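Report on one structure; see the data block that follows.
Residue numbers (our numbering): 384 to 819.
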């Protein structure tokens, strides 16, 4: 515990030092993407995750080419691995040779924003910023200021068995939540296997449960001035949670003490009709490694290969995965860095990402993305309504404390009622988020 505290303190000191040592930009460190800068003889360093290298390197190269033509500056892109990128970033920010632009996952950005690791940017400088996906931009906003730019997203969808739908007389994916319940009833009643569940939903899948909370106008926590207040015990939140609990109890045979990490593999065994997951999990459910302990072994089809389709989960906002881009506070080329991000996140670049099966960064682009690439259409439609956890400095501590997971399991096991469990969760959230 002492070591964790020491590490956290060291990181905070590093990032605060980063903020204090910022150069470039105006006096308050804002990185303007519209300031005309002669970048001749300069090179900016960009850290992108390896996904860009393997899936849309052509988009990176095109944006860099357009950036260089406009500014005269060169671009050095260094691709990072997800396994160690945060450790590497923390160590790098402690020095002086820092990247100018950094990609981080949307849920990774908050701690760096709170601790001053990234420079403020002018939201209006970036194309489509008026309709940025809230599930991405939520991590970028702090006290009315913007510290990162949404890059790309992936959305959670309803994955379902087409063969079981046909056998149950269901023609299409549900368009409303009532239709979802009716379809689940048909799947459940039409299958005599005691291990079969119409809707696979692990009991500690809090991203899903909170999506249901959001569907009825509920929330996890809200900030009023400097104080955070838990909202789970409010009527709208309890209504959404009860909706989730009812669906789990009636249609799911998943373990109520487990999370969603293995849900696609479990679904591939053929004992469920639907599950709620990332769009890419459909592929995980259809093919697995021949030797599950050897990631280099060949892929083989599962029982559900060729029998799956995806659709937006009706009336349920999606928690998005994805990435954002920020200008480091220590960058000596803030304006150039912001301008590169401007090119890399404009509509031209977003079209390139769509061709590579990634979702664009703004709701205004989603209909075109769905039309241009049917493969991502379900996820594109699902991403129109998205959400992000409370952008609070201590939110990560709520997650680490398993507050939401405990609340869900307590309800599903009958240990607590929804009212009692949400009151307990709010008390935990209030204490944690307001801790000085």
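We put the beta carbon where it would ideally sit given N, CA and C, even for glycine. All values derive from a computational prediction rather than experimental measurement.
- In chain order, what residues of the same chain lie with their CB nearer than 6 Å to the CB of residue 579, ignoring the 5 residues before and after it? Closer than 6 Å at Cβ, skipping near neighbours: 654.
- Secondary structure of residue 771, DSSP reduced to three states: For residue 771, the three-state secondary structure derived from DSSP is coil.
- Query: What's the C-alpha gap between residue 514 and residue 576?
  - Reply: 46 Å
- Query: Short check: CB of residue 775 to CB of residue 816, under 7 Å?
  - Reply: yes
- Ends of the alpha helix (DSSP H) at residue 620? Run containing residue 620: 618-634, per the alpha helix (DSSP H) assignment.
- Query: Mapping DSSP to helix, strand and coil, what is residue 611?
  - Reply: In this structure, residue 611 counts as strand in the three-state DSSP scheme.
- Message: Excluding the 5 residues flanking residue 748 on each side, which residues of the same chain have their C-beta closer than 6 Å to its C-beta?
- Response: Counting only Cβ-Cβ distances below 6 Å, and skipping sequence neighbours, we find 733.
- Straight-line Cα distance separating residue 728 from residue 409: Confidence at residue 409 is low in this model, with a pLDDT of 39, below 50, so its placement is unreliable and the value that follows should be read with caution. Rounded to whole angstroms, residue 409 to residue 728 spans 23 Å at the Cα level.
- Can you round the beta-carbon distance between residue 718 and residue 452 to whole angstroms, since I take them to be within the 8 Å contact cut? Incorrect: roughly 16 Å between the Cβ atoms, too far for contact.
- Item | Residue range of the alpha helix (DSSP H) that includes residue 584 | No alpha helix (DSSP H) contains residue 584, which DSSP labels as neither H nor E.
- Message: What does the alpha-carbon distance come out to for the pair residue 559 and residue 553?
- Response: 14 Å
- Message: Is it buried or exposed, residue 461, if we count other Cβ atoms within 10 angstroms and call 16 or more buried?
- Response: exposed
- Query: If we count the other Cβ atoms within 10 Å of its Cβ and call it buried at 16 or more, is residue 805 buried or exposed?
  - Reply: buried
- Rounded to whole angstroms, what's the CA-CA distance from residue 659 to residue 486? Just pull it up for me. Spanning the alpha carbons of residue 659 and residue 486 requires a straight line of approximately 27 Å.
- Item | Any 3 or more C-beta pairs closer than 8 Å across the segment 686-704 and the segment 778-793 | no
- Are residue 587 and residue 676 close, meaning C-beta to C-beta below 7 Å? Residue 676 sits away from residue 587, with the two beta carbons spaced by 7 Å or more.
- Query: Under 7 Å, do residue 542 and residue 693 count as touching if we go by C-beta distance?
  - Reply: yes
- Tell whether a beta-carbon distance below 7 Å holds between residue 475 and residue 455. No, they are not a contact pair.
- Please state if the CB of residue 759 and the CB of residue 604 are separated by a distance shorter than 7 Å. no
- Query: Exposed or buried, what is residue 723 when buried is set at 16 or more other beta-carbons lying within 10 Å of its beta-carbon?
  - Reply: Buried: at least 16 other Cβ atoms inside 10 Å.
- Item | Those residues which DSSP pairs with residue 461 across a bridge | 430
- Is it right to say residue 669 is buried, meaning 16 or more other beta carbons lie within 10 angstroms of its own, or is it exposed? buried
- Item | Of the residues 662, 481, 457, 625, the one placed nearest residue 691, counting alpha carbons only | Nearest of 662, 481, 457, 625 to residue 691, Cα basis: 662.
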